[in-house]
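2 protein chains.
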Amino acid sequence: MSDGTRRRIALILFPNVGELDAIGPWEVLSHWTSRYPEDGWDLHSVSRDGAPTPCAKGLTIVPQYARDAAPTADVILHPGGQGTRPLLADEDHLDWVRRLSKEATLTTSVCTGALVLAKAGLLRGRPVTTHRTSLDLLAELEPTARVDREARFIDDGDLVTSAGVSAGIDMALHLVAKLHTVERARQVRYGIQYDPEPPV
Amino acid sequence: MSDGTRRRIALILFPNVGELDAIGPWEVLSHWTSRYPEDGWDLHSVSRDGAPTPCAKGLTIVPQYARDAAPTADVILHPGGQGTRPLLADEDHLDWVRRLSKEATLTTSVCTGALVLAKAGLLRGRPVTTHRTSLDLLAELEPTARVDREARFIDDGDLVTSAGVSAGIDMALHLVAKLHTVERARQVRYGIQYDPEPPV
Chain A
1 MSDGTRRRIA LILFPNVGEL DAIGPWEVLS HWTSRYPEDG WDLHSVSRDG APTPCAKGLT
61 IVPQYARDAA PTADVILHPG GQGTRPLLAD EDHLDWVRRL SKEATLTTSV CTGALVLAKA
121 GLLRGRPVTT HRTSLDLLAE LEPTARVDRE ARFIDDGDLV TSAGVSAGID MALHLVAKLH
181 TVERARQVRY GIQYDPEPPV
Chain B
201 MSDGTRRRIA LILFPNVGEL DAIGPWEVLS HWTSRYPEDG WDLHSVSRDG APTPCAKGLT
261 IVPQYARDAA PTADVILHPG GQGTRPLLAD EDHLDWVRRL SKEATLTTSV CTGALVLAKA
321 GLLRGRPVTT HRTSLDLLAE LEPTARVDRE ARFIDDGDLV TSAGVSAGID MALHLVAKLH
381 TVERARQVRY GIQYDPEPPV
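Those sequence lines, one after another, are chains A and B.
Residue numbering for the first sequence follows the numbering used here, beginning at 1 and increasing consecutively.
Residue numbering for the second sequence follows the numbering used here, beginning at 201 and increasing consecutively.
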């Protein structure tokens with residue numbers, strides 16, 4: 001950054017978050033921010049209470065910050081997973097996400113994280129996507145959204161939503177290109193050897 | 201399992217493990233074992249002391265078991281990451297890995313996890329791979345190994361090694377097919393929406 005200002009990306013954690021929903025983007029973005037600090041971006045993880053967070057399929061992650069102690073973020077990333085369902089009725093969480101999104105210049109989601117953004121009222125009239133099995137629920141939660149059933153991720157300027165689980169890796173590479181350069185995103189892709197060859 | 205015996209896969213954790221090296225396979229294998237318990241497989245994470253484990257790029261994971269309390273595993277998975285380098289001179293860790301590998305019917309690695317297997321003497325004369333930037337080091341650590349510089353992963357029967365970081369996802373899908381069926385691996389791939397489209 002020519003003006004010396006550092007910018008921040010926040011990964012939002014919550015109970016029963018999908019493991020790869022969160023860690024796919026984390027790997028991409030932390031590879032970027034840790035190997036290329038001169039680009040001016042930092043990454044942190046945050047949850048409401050900062051306590052060890054049990055994920056959807058048995059892993060436990062320790063967030064770096066509780067929300068009250070976390071730095072302000074320019075970009076927020078809301079992962080999905082089974083834990084999004086109770087959040088749809090959790091006004092405290094929805095208020096927090098609304099506030100984070102308002103403070104940020106870019107709001108992003110992976111998988112069913114989009115359901116939470118929808119319930120928070122952040123997807124009105126927007127082109128969006130989510131996990132393939134939650135497309136109908138997303139349309140139901142936000143009838144004005146234009147739900148894309150094919151895209152790997154949708155960039156709508158200050159909002160980027162991705163399809164299910166592993167799609168967060170593709171979206172995060174796009175974010176590196178969007179926030180910095182395509183060349184840097186290619187370097188990160190090379191570093192994490194992301195030349196996928198699904199064997200089945 | 202027709203005889204009712206359950207089998208176990210152990211993910212080995214250690215300080216400065218690569219986040220996606222570990223969690224890519226975790227997502228694939230935990231999706232399998234949690235959604236299809238009737239297949240007879242369980243998955244757990246284990247480290248030497250069971251304490252919260254700081255990963256290579258800032259995340260902290262809490263293992264489910266310390267090694268002395270962990271169940272015996274039929275399959276072991278050793279991830280890579282910067283934390284593998286000190287392990288190459290850590291006789292206690294190398295002894296543990298040798299013992300786990302002897303008890304198991306299948307030993308697997310992601311990324312630079314192969315360096316640790318090499319140093320433990322488990323790759324003699326075997327076809328193997330690792331992260332693209334560690335291929336020469338792997339050949340140096342185990343000159344009798346046949347280091348493949350192109351493969352996404354190498355299945356050599358009771359040993360499967362993968363290329364760097366994200367290659368663990370491909371390898372884990374192969375493991376589901378190998379340990380159960382191709383059809384089940386396809387179901388897991390569908391569930392995690394692993395239809396990669398690298399955008400850069």
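Beta carbons are placed, not taken as given, at the ideal position from N, Cα and C, and that holds for glycine.
Here B/Arg-384 has Trp-232, Tyr-236, Asp-239, Val-376 and Ala-377 as same chain residues with Cβ atoms under 8 Å from its own Cβ, once five neighbours each way along the sequence are excluded. Comparing C-alpha distances from A/Phe-153 to each of A/Tyr-190, A/Pro-127 and A/Asp-136 shows the shortest one belongs to A/Pro-127. Listed by position along chain A, the residues whose Cβ is nearer than 7 Å to that of B/Arg-389 are Pro-198 and Val-200. Around B/Leu-300, no beta-carbon contact reaches into chain A at under 8 Å, the shortest distance being about 20 Å. In this structure, the CA atom of B/Glu-340 is about 19 Å from the CA atom of B/Leu-359. Nearest Cα to B/Ser-230 within the set B/Leu-220, B/Leu-243, B/Ala-273 and B/Ala-367: B/Leu-243. Of the residues B/Leu-220, B/Ser-301 and B/Ser-247, the one whose Cα lies closest to the Cα of B/Ala-273 is B/Ser-301. Contact annotation: B/Gly-258 and B/Gly-368 have beta-carbon atoms that are not nearer than 8 Å.
Counting along the chain, no alpha helix (DSSP H) covers B/Ser-245; the unbroken beta strand (DSSP E) around it starts and ends at 241-247. With a cutoff of 8 Å on beta-carbon distance, A/Pro-79 and A/Ala-22 are scored as near each other. Residues of chain A with a Cβ closer than 7 Å to the Cβ of B/Gln-393 are, in chain order, His-131, Arg-132, Ala-163, Gly-164, Val-165, Ser-166 and Ala-167. At least one beta carbon of chain B lies nearer than 8 Å to the beta carbon of A/Leu-20.
Residue burial is scored here from C-beta neighbours: A/Glu-103 has fewer than 16 other C-beta atoms within 10 angstroms and is therefore classed as exposed. Taking the Cα positions, B/Asp-295 is about 11 Å away from B/Leu-322.
Residue pairing by DSSP places B/Phe-214 in no beta bridge whatsoever.
Those residues of the stretch 298-323 of chain B placed with their C-beta closer than 7 Å to a C-beta in chain A do not exist. Under DSSP, A/Pro-54 forms a beta bridge with A/Thr-60.
Per DSSP, the unbroken beta strand (DSSP E) holding B/Thr-307 starts and ends at 306-309.
Of A/Ala-120, A/Ala-114, A/Glu-142 and A/Lys-119, the smallest CA-CA separation from A/Thr-130 is found for A/Ala-114. Within the same chain, and ignoring the five residues on either side of A/Arg-7 in sequence, the residues whose Cβ sits closer than 7 Å to its Cβ are Gly-40, Trp-41 and Asp-74.
Residue-level contact check: B/Thr-284 does not touch chain A, since none of the beta carbons of chain A fall below 8 Å from its beta carbon. Check the Cα spacing between A/Lys-119 and each of A/Tyr-190, A/Val-188 and A/Val-97: the tightest is with A/Val-97.
B/Tyr-236 sits in coil when the DSSP states are folded into three classes, being neither helix nor strand.
Looking at the backbone, the Cα of B/Pro-398 and that of A/Met-171 are separated by about 9 Å.
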